[in-house]
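Peer 1: I have a structure I would like to understand better, so I am pasting it below and will then ask my questions one at a time.
Numbering (our numbering), first residue to last: 23 to 150.
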């Protein structure tokens with residue numbers, strides 16, 4: 023398989039997930055902030071996350087500023103994963119809040135698996 027195609031697909035998948043996640047958060051309005059509060063994320067960060075996800079997602083899809091954007095996406099994914107791990111290790115299972123109304127179930131290991139797949143995809147986009 024062509025490496026440029028692999029990079030494009032990997033980056034595009036992560037970008038599409040980011041855009042969907044950000045738009046889903048914005049669609050539920052203030053409810054997103056309540057959900058994210060259960061994950062113990064500072065409110066200032068919560069307010070920026072949907073916009074950052076959409077922006078980074080669109081840049082990933084368009085393969086614009088790919089070096090910097092890939093690193094930002096990786097840092098975001100690792101941060102999201104660390105938040106989930108922290109809550110699970112504390113025995114807490116608040117709603118995921120990852121995809122707005124579509125993710126009201128408690129966080130679990132499947133969320134970590136999804137994030138690891140996305141991290142793998144962005145690493146492919148960075149190093150293939």
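Every residue gets a Cβ at the ideal spot worked out from N, C-alpha and C, and that includes glycine.
1) Between which two residues does the alpha helix (DSSP H) carrying residue 69 extend?
2) CB residue 121 to CB residue 46, shorter than 8 angstroms?
3) Where DSSP assigns a beta bridge to residue 128, which residues make up the other side?
4) Assuming residue 36 contacts residue 140 under a Cβ cut-off of 8 angstroms, what Cβ separation, rounded to an integer in Å, is found between them?
5) Do you know how far the Cα of residue 81 is from the Cα of residue 88?
6) So residue 92 is in the alpha helix (DSSP H); what residue range does that whole segment cover?
7) State whether the segment 107–123 contacts the segment 47–64, with contact taken as three or more CB pairs (one from each stretch) at a distance under 8 angstroms.
Peer 2: Inspection of the coordinates gives the following:
1) Within the chain shown, residue 69 is the residue found at index 47, counting from 1. It spans 65–84 - the alpha helix (DSSP H) in which residue 69 sits, taken as one unbroken run.
2) Here residue 121 corresponds to residue number 99 of the chain shown, with the count starting at 1. Here residue 46 corresponds to residue number 24 of the chain shown, with the count starting at 1. A distance below 8 angstroms separates the beta carbons of residue 121 and residue 46.
3) Residue 128 sits at position 106 when you count from the first residue of the chain shown. Bridge partners of residue 128: 117.
4) Taking the first residue of the chain shown as 1, we reach residue 36 at position 14. Taking the first residue of the chain shown as 1, we reach residue 140 at position 118. Residue 36 to residue 140, Cβ: 5 angstroms. Contact.
5) On the chain shown, position 66 is the one that residue 88 refers to. On the chain shown, position 59 is the one that residue 81 refers to. Spanning the two alpha carbons is a distance of roughly 7 angstroms.
6) Numbered from 1 along the chain shown, position 70 holds the residue referred to as residue 92. Taken as a continuous stretch (DSSP letters only), the alpha helix (DSSP H) holding residue 92 covers 88–111.
7) yes
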